[in-house]
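Position one of the sequence shown corresponds to residue 0 (numbering that gives the first Met the number 0), numbered consecutively onward. Backbone N, C-alpha and C define an ideal beta-carbon position, used for all residues, glycine too. Beneath this line is the structure, given in structure tokens, with notes to follow.
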Amino acid sequence: MKKLSKNALIGYPAGIITGITYGLNPLFAVPLMKHGAATESILFFRYLFAVLILALFLLVRRQSFRVSGQQAGILLILGLLYTSSSLFLFDAYEYIASGLATTLVFLYPVLVAIIMVFLKVVPSWPVWLAIAATFGGVLIMTQGNGTQALNPIGVLLSIGSALVYALFIVIINRSKAIASISNSLLTFYALSVGAVVFLGKILISDTALTAGLNHAHDWLNLVGLAFLPTVVSTATLAIASRNIGATKASVLGVFEPITAIVVGTLVFGEPLTTNIVVGITVAIVAVTFMITLTKR
């Protein structure tokens, strides 16, 4: 085992936290949707609460909110990409099981690796092997419920979520213009864009702002959705991408489908089969292999 660098000691745990917290999306989102909350309302309040949490954090730390015009443009693009990823994933929940939808989003490490190759950043063989193994593990997991019909609309929405999420990761890793922006400030602006977009979507669609949000536990779910799968996962993703690179950070995202499937099984009664257990085992072994054979 190679000795891990300081960047690795920061980046790998951050990447694992990203995967676990983002995989908690169904835990908070599915109950809201089952209670009749509109997707637009869920996502608006998710982003709004996340922005308020981050704004308070930045104010307490007395951090400047100032960015240059060039940085603002890149942050706008990042916000639109992250917003699209959330929208596609939540829409996918309407067509296929939550665990399966989040699992299919795990195509994004493959997409990140392909994009990075076009940018002339070729991953080492342990990373390629980890990508192949984790993707294989995810494919095994998707076979967990033989009675689950795959609605093509849900599958396409999940893949669309994976693609824009991959672009989001690559831009954070490769853009020199935003390299000086803190992870918290980057997350604040990216999520602010999302809040504005979903408010506009609500106004255009003539959806009631609080549609389906009728109980105290609905608002608690929104706060949970804003904090863990949004604030924490986005901030730790930026930390991981900057410390260990876009490709390795994306491979650690395998903890997303694992978490989503565990949540689906324990909370929503979705079946846990031998295929799912085998797939999870393969993915965890692959990630461990990648970490032990790489320094950064």
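Stretch pair the stretch 34–47 + the stretch 269–278: three plus CB contacts closer than 8 Å: Result no; under three Cβ-Cβ pairs closer than 8 Å.
Test item: CB-CB of Gly78 and Tyr164 under 9 Å: Contact flag unset, no.
With 16 other Cβ atoms within 10 Å as the buried cut-off, status of Asp217: Counting Cβ neighbours within 10 Å, Asp217 comes out buried, since at least 16 surround it.
DSSP three-state assignment for Thr229, whether helix, strand or coil: If DSSP states are grouped into helix, strand and coil, Thr229 belongs with the helices.
Ser249 versus Val196: straight-line alpha-carbon distance, rounded: Taking the straight line from one Cα to the other gives about 26 Å.
Among Ile203, Phe288, Thr272, Ile171, nearest to Ser80 - alpha-carbon criterion: As written in the sequence, residue 80 is Leu, which differs from the Ser given in the question. With respect to the C-alpha of Leu80, the residue from Ile203, Phe288, Thr272, Ile171 having the closest C-alpha is Ile171.
Outcome for Glu269 when other beta-carbon atoms lying within 10 angstroms are tallied against a minimum of 16: Residue burial is scored here from C-beta neighbours: Glu269 has at least 16 other C-beta atoms within 10 angstroms and is therefore classed as buried.
Nearest candidate by alpha-carbon position, reference Ser179, set Ile238, Ala36, Ala54, Thr246: Nearest neighbour of Ser179 by Cα position, chosen from Ile238, Ala36, Ala54, Thr246, turns out to be Ile238.
Given Pro25 as reference, the closest of Val137, Ala225, Ala54, Val50 once Cα atoms are compared: Ranking the options by Cα distance to Pro25, first place goes to Ala225.
Continuous alpha helix (DSSP H) stretch holding Gly159: start and end: Note, Gly159: alpha helix (DSSP H), 151–173.
Beta-carbon proximity check, Thr296 vs Phe89, cutoff 9 Å: This structure cannot settle anything about residue 296, because the visible part of the chain is limited to 0 through 295.
Rounded C-alpha distance that separates Leu227 from Lys33: In this structure, the CA atom of Leu227 is about 20 Å from the CA atom of Lys33.
8 Å contact criterion, which Leu31 and Asn150 should meet: CB distance rounded: A Cβ-Cβ separation of about 21 Å leaves Leu31 out of contact with Asn150 under the 8 Å criterion.
Contact check, Val169 vs Ile130, beta carbons under 9 Å: The answer is no: Cβ separation not under 9 Å.
Where Ala37 falls: helix, strand or coil (DSSP): In the three-state reduction of the DSSP assignment, Ala37 falls in the coil class, being assigned neither a helical nor a strand state.
Endpoints, the alpha helix (DSSP H) within which Gly10 is located: From DSSP, the alpha helix (DSSP H) with Gly10 extends over 5–21.
DSSP-derived helix/strand/coil call for Asn213: Secondary structure at Asn213: coil, using DSSP grouped into helix, strand and coil.
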